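Colleague: So that we are looking at the same thing, I have put the structure below in structure tokens.
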Amino acid sequence: MGAKALLFFALLSFSAVSVRQAFAENEEDPGLVMNFYKDTCPQAEDIIKEQVKLLYKRHKNTAFSWLRNIFHDCAVQSCDASLLLDSTRRTLSEKETDRSFGLRNFRYLDEIKEAVERECPGVVSCADILVLSGRDGIVSLGGPHIPLKTGRRDGRKSRADVIEEYLPDHNESISVVLDRFASMGIDTPGLVALLGAHSVGRTHCVKLVHRLYPEVDPALNPNHVEHMLYKCPDAIPDPKAVQYVRNDRGTPMVLDNNYYRNILDNKGLLLVDHQLATDKRTKPYVKKMAKSQDYFFKEFSRAITLLSENNPLTGTKGEIRKQCTVANKHH
Numbered sequence: 001m002g003a004k005a006l007l008f009f010a011l012l013s014f015s016a017v018s019v020r021q022a023f024a025e026n027e028e029d030p031g032l033v034m035n036f037y038k039d040t041c042p043q044a045e046d047i048i049k050e051q052v053k054l055l056y057k058r059h060k061n062t063a064f065s066w067l068r069n070i071f072h073d074c075a076v077q078s079c080d081a082s083l084l085l086d087s088t089r090r091t092l093s094e095k096e097t098d099r100s101f102g103l104r105n106f107r108y109l110d111e112i113k114e115a116v117e118r119e120c121p122g123v124v125s126c127a128d129i130l131v132l133s134g135r136d137g138i139v140s141l142g143g144p145h146i147p148l149k150t151g152r153r154d155g156r157k158s159r160a161d162v163i164e165e166y167l168p169d170h171n172e173s174i175s176v177v178l179d180r181f182a183s184m185g186i187d188t189p190g191l192v193a194l195l196g197a198h199s200v201g202r203t204h205c206v207k208l209v210h211r212l213y214p215e216v217d218p219a220l221n222p223n224h225v226e227h228m229l230y231k232c233p234d235a236i237p238d239p240k241a242v243q244y245v246r247n248d249r250g251t252p253m254v255l256d257n258n259y260y261r262n263i264l265d266n267k268g269l270l271l272v273d274h275q276l277a278t279d280k281r282t283k284p285y286v287k288k289m290a291k292s293q294d295y296f297f298k299e300f301s302r303a304i305t306l307l308s309e310n311n312p313l314t315g316t317k318g319e320i321r322k323q324c325t326v327a328n329k330h331h
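Note that the numbering used here gives residue 246 to position 246 of the sequence shown, counting from 1, and the numbers run on in steps of one.
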């Protein structure tokens, strides 16, 4: 065989290897896909759904926590379950920052993880469990079923040091809130729909007293103020005390469009709720969602999907944690 022929076969062989490698790499990281675990753990989504139903039956308020987890995890750089990591000697956990005030019920996510691990050890990520439990929690609260992709992997470090750059505070201007969400690809109607999550759950008096003391915010509906003062009698409430106001007194356990009617009636508890109903950029969508629950659900489903797909770790990035509270290297 001549030198030219040898060179040709060498190049052919090299290109075949390159194609195989590229294909393998592509196969290795399909990104987020529907039913990612269909071959490796076909029961995964059913187990999570069943656990959410069981836990919701025992502890109704878990559903609020699961829904809030999606926002608190996915909005901070990546949807990678960094929220679930405990503090270490070197790093503070996201759970313990001011922005995470009121987050709780993490132990129930551990229960779901344990149930999934019994079926398929080391296969399903905490990041996917966090997102899917949030999705199933939404259904428990009477909200829409949202088909979500899976295939996320878990981050290894807390993002507590940057959390305030990503998670807007309830006292920040609506412009800041709109900008933060726009950076994740969530537009104005999407943001208005996401804040509809305030239709369920409750708000601690710590977050409300600045609207009641030393003087009542004149923007508040006077009929609502009486109830708020009754629930929050102290100007400086104890953060550990059980002092809170239901976000929606009409249907507090149902994710519905009542929130929008409330805020148009000046019954929004947080400043961001009030601004949502009065700012010219957001008010048209508030009015539309107050009129149509279908429109609210459509926009809410779209926004949750975008949020859940924010910069995930996939393929060989990150890891599949054995325990959701600890990165594997520390386990």
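The C-beta atom is built at its ideal place from N, Cα and C for all residues, glycine as well. Quick caveat: nothing in here was measured; it's all calculated off a predicted structure.
Shortest alpha-carbon distance to residue 300 belongs to which of 177, 194, 56?
Modeller: 194
Colleague: Could you pull out every residue in the same chain whose Cβ sits closer than 7 Å to the Cβ of residue 283, ignoring the five residues on either side in sequence?
Modeller: 277
Colleague: Tell me which residues share the same chain as residue 87 and place their Cβ nearer than 7 Å to its Cβ, disregarding the 5 neighbours each side in the sequence.
Modeller: 93, 96
Colleague: DSSP state of residue 216, grouped into three classes?
Modeller: DSSP places residue 216 in coil when its eight states are reduced to three.
Colleague: So, do the stretch 225–244 and the stretch 123–135 have three or more beta carbon pairs nearer to each other than 8 Å?
Modeller: no
Colleague: According to the neighbour-count rule (16 or more other Cβ atoms, all chains shown, within 10 Å of its Cβ), is residue 90 buried or exposed?
Modeller: exposed
Colleague: Which first and last residues belong to the alpha helix (DSSP H) in which residue 116 is found?
Modeller: 106–119
Colleague: Given a cut-off of 8 Å on the beta-carbon distance, is the pair residue 157 and residue 82 in contact?
Modeller: yes
Colleague: Starting from residue 56, trace the alpha helix (DSSP H) in both directions and tell me its first and last residue.
Modeller: 44–58
Colleague: Run through the stretch 211–265 for me and flag every whole beta strand (DSSP E) of 3 or more residues, listed as ranges in chain order.
Modeller: Runs of the beta strand (DSSP E) spanning 3 or more residues and lying entirely within the stretch 211–265 occur at 244–246, in chain order.
Colleague: How far does the beta strand (DSSP E) with residue 202 in it reach, from first residue to last?
Modeller: 202–204
Colleague: If you check the beta carbons only, do residue 198 and residue 267 fall under 8 Å apart?
Modeller: no
Colleague: Which term fits residue 72, buried or exposed, when burial requires 16 or more other beta carbons within 10 angstroms of its beta carbon?
Modeller: buried
Colleague: Are residue 189 and residue 285 closer than 8 Å when you measure CB to CB?
Modeller: Taking a C-beta distance under 8 Å as the contact criterion, residue 189 and residue 285 qualify as a contact pair.
Colleague: Residues bridged to residue 33 by DSSP?
Modeller: 150
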